[in-house]
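Take a look at the structure set out below.
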Amino acid sequence: MTRLNLLLLALLVASALALVSSRHQARKLFIEIERGQTLARHYQVEWDQLQLEQSTWAMPGRVEKLARDKLELVPPTAARVELVPAPRERS
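In our numbering, the protein residues as written are 482 to 572.
As structure tokens, this is what we get:
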């Protein structure tokens, strides 16, 4: 009877250790998932900010003002504009 009790005790200890190990692994994986989700949220906020910044930089009024002020460009006069007819399609 003592051998059976020792065997059952050993199995109980082994299963308890396996349970502790699996729970620890589950917690580690949960923490890793949380870190990944936090990082994804951070990148989404950064992406949204970059898109807003890009739309601000590309506003036509801003581009025109920079062309005038920094590059000293001016719109062409009507006399300097030359219209080129589009080529006709062959049937």
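From the three backbone atoms N, C-alpha and C, an ideal C-beta is built for every residue, glycine too. All values reported here derive from a predicted model rather than from experimental measurement.
Beta-carbon gap between residue i and residue j smaller than 9 Å
| i | j | result |
| --- | --- | --- |
| residue 548 | residue 554 | yes |
Reduced DSSP category for residue i - H, G, I as helix; E, B as strand; rest coil
| i | result |
| --- | --- |
| residue 509 | helix |
| residue 551 | coil |
| residue 519 | helix |
| residue 558 | coil |
| residue 565 | coil |
| residue 539 | coil |
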